[in-house]
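Take the sequence shown: its letters are residues 185 to 486, numbered as in this note's numbering. Ideal Cβ placement from N, Cα and C applies to all residues, glycine included. This one's a predicted model, so the numbers in the text were calculated from it and none came from an experiment.
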Amino acid sequence: MHRIGDGGSLWVWRLLILLQFVSGILSWGKEGHFATCRIAEEYLTEDAKAAVKELLPSSAGGDLASVCSWPDEIRHSYRWRWSGPLHYVDTPDFKCNYEYCRDCHDLGGNKDRCVTGAIYNYTKQLMDFNHGCYSTVEYNLTEALMFLSHFVGDVHQPLHVGFTGDEGGNTIIVHWYGRKTNLHHVWDNMIIDSALKMFYQSDLNNMIEAIQSNITDVWFNDVSSWRNCAANQTACPDPYASESINLACKFAYKDVTPGSTLKNDYFRSRLPIVEQRLAQGGVRLAATLNRIFASGPKVTTT
Ligand SMILES: [Zn+2]
185 MHRIGDGGSL WVWRLLILLQ FVSGILSWGK EGHFATCRIA EEYLTEDAKA
235 AVKELLPSSA GGDLASVCSW PDEIRHSYRW RWSGPLHYVD TPDFKCNYEY
285 CRDCHDLGGN KDRCVTGAIY NYTKQLMDFN HGCYSTVEYN LTEALMFLSH
335 FVGDVHQPLH VGFTGDEGGN TIIVHWYGRK TNLHHVWDNM IIDSALKMFY
385 QSDLNNMIEA IQSNITDVWF NDVSSWRNCA ANQTACPDPY ASESINLACK
435 FAYKDVTPGS TLKNDYFRSR LPIVEQRLAQ GGVRLAATLN RIFASGPKVT
485 TT
């Protein structure tokens with residue numbers, strides 16, 4: 185056992201801080217995913233709630249939000265390295281549009297290996313479970329639920345559908361107020377972190393409550409269209425990805441060049457976009473899970 189302050193634990197702390205930074209580069213940070221899933225929990229039907237509860241790992245204590253960052257925590261380990269490309273989709277530079285067939289592949293050109301492809305895939309796995317064609321050998325449905333919940337969040341982060349050439353803003357080095365970082369990290373973490381400090385007494389629950397009251401109040405008329413999915417479709421990640429690259433062009437990339445210092449003007453004009461994307465991610469995750477588990481899980485008994 186290490187005492188706090190001895191060399192070993194100091195090293196462990198440094199590693200943890202580094203890991204947190206590294207994982208933050210790769211998707212909405214922990215706060216963003218927690219917020220999306222917490223918002224989703226509010227909108228689950230009884231059937232979906234029951235199915236989610238059945239599938240959650242015991243470590244979740246019945247709380248979906250507590251495991252929504254899991255895919256970021258494991259993705260750097262050897263066993264899960266294959267899942268890395270599933271957190272984003274890159275689109276052609278400056279085109280500002282997204283097409284599944286053109287864009288959804290990994291760096292090796294393997295089709296369907298991107299965030300929207302992953303959402304379709306894990307939705308299908310969970311649907312099979314719901315229809316009783318479920319085999320524990322084929323899929324781990326606890327993982328499917330955690331991946332789906334995470335990736336519906338990711339596809340709403342505009343720079344997860346960014347340009348190929350700058351890796352969704354990862355290679356655009358900027359200053360966030362005084363701190364050197366990159367544009368992708370600004371959208372994953374920094375805007376949310378600054379908002380928490382400036383407006384929400386550093387309490388994520390306050391920020392989530394503010395977003396929830398916007399959903400029932402400011403965005404009330406839009407929420408049913410957020411839930412919409414083409415006829416007979418269970419998951420609809422393609423329009424979410426199109427919205428994201430649009431917002432990336434209009435807000436994330438706009439007026440940013442390598443070396444820019446981003447501060448109040450950028451922060452205040454982009455925060456409403458971030459909050460709306462967290463809201464949409466939550467409402468749509470719930471709508472997707474509600475469609476998947478519409479008639480309750482039918483586990484086959486033999
Ligand atoms: Zn991610």
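Assumed close pair asparagine 354, histidine 368 - CB separation to whole angstroms, cut-off 8 Å
4 Å
Just curious, the alpha helix (DSSP H) that histidine 359 is in, first and last residue?
Careful: histidine 359 lies outside any alpha helix (DSSP H), inside the beta strand (DSSP E) at 357 to 360.
Please tell me whether aspartate 290 and threonine 275 are closer than 7 Å, where the distance is taken between their beta carbons.
no
Which of the three DSSP states is assigned to arginine 259 in this structure?
coil
Which residue wins for smallest C-alpha separation from tyrosine 323, given the options Leu310, Tyr384 and Leu332?
Leu310
Return helix, strand or coil for histidine 315, following the three-state DSSP convention.
coil
Proximal residues to lysine 295 (C-beta, below 6 Å), its chain only, five neighbours per side dropped:
His289
Nearer than 6 Å: is that true of the beta carbon of aspartate 439 relative to any heavy atom of ligand 1?
no
Kindly identify the DSSP beta-bridge partner or partners of threonine 365.
Val358
Do alanine 478 and arginine 411 have their CB atoms nearer than 7 Å?
no
If we ignore side chains and look at the alpha-carbon of each, how far apart do valine 299 and valine 339 end up?
6 Å
Look up phenylalanine 347 in the DSSP assignment and give the residues it is bridged to.
Thr275
Please classify alanine 302: is it buried, with 16 or more other beta-carbons within 10 angstroms of its beta-carbon, or exposed?
buried
Can valine 258 and tryptophan 264 be called in contact, C-beta distance under 7 Å?
Correcting the residue identity first, residue 258 is isoleucine in this sequence and not valine. Cβ atoms of isoleucine 258 and tryptophan 264: closer than 7 Å.
In angstroms, rounded to a whole number, what distance separates the CA positions of leucine 446 and histidine 344?
20 Å
Rounded straight-line distance, which links the Cα of proline 442 to that of methionine 185
Legend: pLDDT at methionine 185 = 33, less than 50; position of this residue unreliable, value from coordinates given subsequently. One C-alpha to the other measures close to 45 Å.
Cβ contact (3+ pairs, closer than 8 Å) linking the region 349 to 365 and the region 328 to 337
no
Strictly by DSSP, which residues pair up with lysine 295?
His289
Length of the line joining the Cα atoms of glutamate 238 and leucine 473:
13 Å
Quick check: is any heavy atom of ligand 1 less than 6 Å from the C-beta of histidine 271?
yes
Which value, in whole angstroms, describes the spacing of the CA atoms of phenylalanine 347 and alanine 419?
24 Å
For glutamine 341, which residues in the same chain have their Cβ closer than 8 Å to its Cβ, ignoring the five residues on either side in sequence?
Ser211, Trp212, Gly216, Trp371, Asp372, Ser428 and Arg461
Using a threshold of 6 Å, is the CB atom of aspartate 290 nearer than that to any non-hydrogen atom of ligand 1?
no
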